[in-house]
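Residue numbers (the UniProt record's numbering): 1 to 566. Cβ coordinates follow ideal geometry from the N, Cα and C atoms, glycine included.
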């Protein structure tokens with residue numbers, strides 16, 4: 001599985017994340033930059049690898065699971081459609097025939113078609129996400145601008161095609177990487193978390209692009225800014241109301257309106273009281289817990305902060321937290337030591353304590369809200385729809401809205417729009433970028449997108465999702481082909497069944513589209529299917545089936561199959 005925080009922003013200001021195996025938590029794909037004449041490096045929005053300690057405050061660990069992690073995005077559609085590599089007629093075929101490596105792009109000694117192209121900042125954005133999709137942790141590509149001495153390093157993260165570091169890549173890698181980058185475009189410039197599902201190289205990493213058993217709490221805002229509560233405390237601060245020194249836990253699911261109880265420790269919760277006074281006299285534990293509505297962490301004053309009460313549960317010496325499940329049906333758990341921070345570098349005890357803190361386990365139980373008994377013969381709607389709270393919740397339950405599939409290839413047989421000619425979207429040795437005029441349509445001839453069953457006006461949706469500019473200056477990164485499979489007939493029915501397989505066979509039930517068609521026919525065998533936590537995550541005004549208390553509610557029939565039409 002990979003859950004990606006979306007951020008190929010049309011405005012160029014987006015950020016996002018990806019949840020995938022063995023990764024750390026960022027608000028954008030990391031890029032290290034070393035300025036000329038300096039002896040230290042500064043890292044982008046966040047750094048990879050384990051957490052580090054600073055001169056003040058406790059270590060607040062960056063989560064690295066064996067199951068998944070959170071990656072960040074921020075590439076704009078404008079950069080993807082006007083860059084000096086993929087949309088450069090000369091550079092495009094060369095870059096997939098040589099290693100994705102430092103030597104290939106060097107100003108001195110690199111491939112002639114690739115030299116100097118990374119002097120263009122939007123092209124460096126594209127490289128950042130290309131390396132993020134292709135290479136895995138521990139791999140990287142570096143570039144030194146010989147005109148300024150500035151060095152930039154692009155670390156690998158997801159690892160769809162790590163073999164690209166050694167040599168050219170074939171059609172499967174090209175298609176998977178195209179789908180990876182297309183799916184990370186964000187029209188709103190917001191930090192959007194999404195789930196990406198597909199069939200990669202299962203023999204090497206069978207868990208890649210398949211749903212995981214848990215999802216980490218998102219640690220940045222919709223604007224991509226770090227949530228302050230996950231920063232270190234610079235002074236010693238105590239209690240659950242502090243806005244520093246917290247560690248992200250996992251995301252849980254619950255029935256909206258039901259009562260949820262959560263306790264520290266792996267042992268099951270016994271019978272719990274509803275009255276907060278029941279916790280009187282219980283000793284305070286060494287761990288504080290915060291619960292937030294949705295899939296992000298929160299500060300104490302945030303509207304998403306759920307104010308819980310402490311209650312007594314049988315068989316427990318410490319109080320448990322009691323809260324009402326939010327309308328979203330999702331909650332995020334944060335935890336930390338009761339006291340955090342302090343001057344000076346943390347000693348071994350503090351570091352060890354923080355390391356243990358991040359591996360805290362929690363137990364969760366829930367029950368329906370007490371209600372008056374229904375009239376004879378009637379059924380309580382809440383009871384009928386009640387499902388027990390689950391923590392941590394599996395990825396497939398956190399991300400249930402199938403947005404659609406992205407597929408095609410940025411490389412291959414005449415991949416670029418016919419308006420693009422040699423010399424366009426190219427950087428000269430003096431660093432000047434010669435951009436191409438707008439195409440008015442998709443800049444890539446073989447890049448496509450289809451929508452899931454709950455979306456209408458497919459072409460307009462994909463345009464808002466994947467295009468930048470307007471009129472003749474508009475450039476898109478993919479062409480809309482209609483609905484991937486079925487579609488509800490809210491408005492005019494689109495072309496249906498663009499993908500002949502609605503659930504790829506490698507992981508039964510993960511709902512990944514396969515065998516998808518392009519505009520002129522032909523089958524693309526390596527799409528990536530995107531699932532969202534909420535249907536308006538990527539397009540604020542997107543049309544979709546109504547959602548009641550976190551559940552799908554459809555009041556329109558499916559479009560008729562053309563083969564069944566009279």
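- Close CB contacts of residue 231 within its chain, under the 6 Å cut and outside five residues either way in sequence, are with 244 (chain order).
- Residue pairing by DSSP puts residue 292 in a beta bridge opposite 305, 332.
- Collapsing the DSSP output to three states places residue 282 in coil.
- Between the beta-carbon of residue 404 and that of residue 233 there is about 43 Å, and that puts the pair past the 8 Å contact cut.
- Looking from the CA of residue 109, the closest CA among 298, 146, 96 belongs to 146.
- Only exposed fits residue 274, as fewer than 16 other CB atoms lie within 10 angstroms of its CB.
- Straight through space, the alpha carbons of residue 481 and residue 413 are spaced by roughly 20 Å.
- Taking the CA atoms as reference points, residue 518 sits about 33 Å from residue 137.
- When DSSP states are grouped into helix, strand and coil, residue 327 belongs to the coil group.
- Partner residues in the beta bridge of residue 401, as assigned by DSSP, are 532.
- Where residue 132 is concerned, the enclosing alpha helix (DSSP H) starts and stops at 121-134.
- Among the bridge pairs identified by DSSP, residue 558 is matched with 488.
- Bounds of the alpha helix (DSSP H) holding residue 463 are 458-466.
- If you look at residue 148, you'll find it isn't in any alpha helix (DSSP H); DSSP assigns it neither H nor E.
- Three or more beta-carbon pairs separated by less than 8 Å link the stretch 411-428 to the stretch 79-91, which places the two stretches in contact.
- Under the 8 Å Cβ criterion, the stretch 460-480 does not count as touching the stretch 165-175, having fewer than three qualifying pairs.
- Contact annotation, residue 532 with residue 399: C-beta distance approximately 6 Å; criterion of less than 8 Å satisfied.
- Assigned with DSSP and collapsed to three states, residue 424 falls in coil, not helix or strand.
- 7 Å or more divides the Cβ of residue 221 from the Cβ of residue 248.
- Within the same chain, Cβ atoms closer than 7 Å to the Cβ of residue 228 are found at 243, 244, 299, the five residues on either side in sequence being excluded.
- With fewer than 16 other CB atoms across the displayed protein chains lying within 10 angstroms of its CB, residue 520 is exposed.
- Scanning its chain for C-beta atoms nearer than 7 Å, with the 5 sequence neighbours on each side dropped, one finds around residue 459 the residues 480, in chain order.
- When the five nearest sequence neighbours on each side are left out, the beta carbons in the same chain lying within less than 7 Å of the beta carbon of residue 126 are those of 75, 79, 80, 83, 85, 86, in order along the chain.
- Contact annotation: residue 393 and residue 366 have beta-carbon atoms that are not nearer than 7 Å.
- For residue 96, same chain residues with a beta-carbon under 7 Å away, outside a window of 5 residues either side, are 168, 169, 174, 411 in chain order.
- In this structure, DSSP gives residue 78 a helical state, which the three-state scheme calls helix.
- Counting C-beta pairs with one atom in each stretch, the stretch 414-424 and the stretch 463-470 have fewer than three that are closer than 8 Å, which means they do not touch.
- Residue 199 counts as buried, since no fewer than 16 other beta carbons sit within 10 angstroms of its beta carbon.
- Secondary structure remark: continuous alpha helix (DSSP H) runs of at least 4 residues inside the stretch 163-200, in chain order: 171-183.
- When DSSP states are grouped into helix, strand and coil, residue 154 belongs to the strand group.
- Separation of the CB atoms of residue 489 and residue 558 is rounded to 7 Å, and the pair is thereby assigned contact status at 8 Å.
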